[in-house]
Amino acid sequence: MKLILLGAPGAGKGTVAKLLTEIDGSVQISTGDILRAAVAAGTELGKKAEAAMKAGDLVSDDLIMGIMEERLKEDDCKSGYLLDGFPRTIPQAEALKGLLDKMGEQLDTVVNIDVPREVILDRLTTRRTCTDCGAIYNVKSNPPQVEGICDACGGNVVQRDDETEEAIGNRLDVYNEKTAPLADFYEKEGMLLTVSATSSDDVISAIKNKLGM
Ligand code: ADP
Ligand code: ZN
Numbered sequence: 017m018k019l020i021l022l023g024a025p026g027a028g029k030g031t032v033a034k035l036l037t038e039i040d041g042s043v044q045i046s047t048g049d050i051l052r053a054a055v056a057a058g059t060e061l062g063k064k065a066e067a068a069m070k071a072g073d074l075v076s077d078d079l080i081m082g083i084m085e086e087r088l089k090e091d092d093c094k095s096g097y098l099l100d101g102f103p104r105t106i107p108q109a110e111a112l113k114g115l116l117d118k119m120g121e122q123l124d125t126v127v128n129i130d131v132p133r134e135v136i137l138d139r140l141t142t143r144r145t146c147t148d149c150g151a152i153y154n155v156k157s158n159p160p161q162v163e164g165i166c167d168a169c170g171g172n173v174v175q176r177d178d179e180t181e182e183a184i185g186n187r188l189d190v191y192n193e194k195t196a197p198l199a200d201f202y203e204k205e206g207m208l209l210t211v212s213a214t215s216s217d218d219v220i221s222a223i224k225n226k227l228g229m
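One rule links them: number in the working numbering = place in the sequence shown (from 1) + 16.
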């Protein structure tokens, strides 16, 4: 399947994307994971993105479109992709539309995962992430078996740099201002599926239902 997953930080896009990859072999493409890997590796891209990410601001549309044009051409995308954290601005959505047209591809649907703000805030402050494989944990509801160590890959499980209270507040403001308007954009394109659910299993069921799976 070819999907966009929209939703505020902490809405569960990454978790849902990981579950969906197991259903039909589609790949998860997370611009946040790509950028964090670039920062960790100290590449040119990482150097350009680091300051904005740490503050919870968006990285420039040009940089993101450069990454995505390359990424969507890779072979593994032939079995489908789940776009997690992209597009995040109207210019990115417009540019993606042009890119897909050029590639002769069509998305199945755009899923907007709608979760109440209190739930989001609680999740983001308790969220921990594996720096190696991106697996997501929660100190309260889903801690790794050994504190600080990833169950899946043995990597380090840490709190992200942009998950301080200040950066979280900024990320939510940026989301409301720049990304929330994408729901209207895709509604007008006739592609929007809004799911109000805090359980990833319920989100998955709604998607399967919509795609007739
Ligand atoms: P979130 O949990 O906020 O959804 P992500 O892992 O998707 O986090 O993104 C982390 C950070 O990476 C963002 O706050 C932003 O700085 C940058 N980023 C990721 N995707 C994009 C994008 N499509 N456009 C601009 N910046 C992005
Ligand atoms: Zn891991």
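Ideal placement from N, C-alpha and C gives every residue a C-beta, glycine not left out.
- Going by C-alpha positions, I83 is about 31 Å away from D138.
- Judged by beta-carbon spacing, G101 lies beyond the 7 Å limit of S42, meaning their Cβ atoms are not closer than that value.
- In this structure, L98 lies near A33, with their beta-carbon atoms less than 7 Å apart.
- When the Cα atoms are used, I152 and D40 turn out to be separated by approximately 21 Å.
- Residue environment analysis places T59 among the exposed positions, since fewer than 16 neighbouring C-beta atoms fall within 10 angstroms of its C-beta.
- The stretch 123-131 makes no contact with the stretch 68-87; the number of CB pairs closer than 8 Å stays below 3.
- In the assembly as shown, E179 is a buried residue. Its beta-carbon has 16 or more other beta-carbons within 10 Å.
- Counted as a single uninterrupted DSSP element, the stretch harbouring K18 is not any alpha helix (DSSP H) but the beta strand (DSSP E) occupying residues K18 to L22.
- One thing to note: R133 has its Cβ no nearer than 7 Å to the Cβ of T195.
- For N172 and R144, the gap between their C-alpha atoms comes out near 10 Å.
- Looking from the CA of I50, the closest CA among E121, G164 and G150 belongs to G150.
- Between L140 and G30 a beta carbon distance of about 12 Å is seen, past the 8 Å cut, so the two are scored as non-contacting.
- Of the residues assessed, V211 falls on the buried side of the cut-off, its CB having 16 or more other CB atoms within 10 angstroms.
- Non-local beta-carbon contacts of R187 in its own chain, meaning distances under 7 Å to residues more than five positions away in sequence, involve P25, G72 and D178 in chain order.
- Residues D40, G41, S42 and V43 of the same chain have their beta carbon placed closer than 8 Å to that of S95, with the five preceding and five following residues left out of the count.
- Bridge pairing for Y153: R144 [DSSP].
- Nearest to K118 by C-alpha distance, out of N158, L88 and L36, is L88.
- A straight-line Cα-Cα distance of about 23 Å links L22 and Q175.
- Shown here, L79 sits in a helix according to DSSP, grouped into three states.
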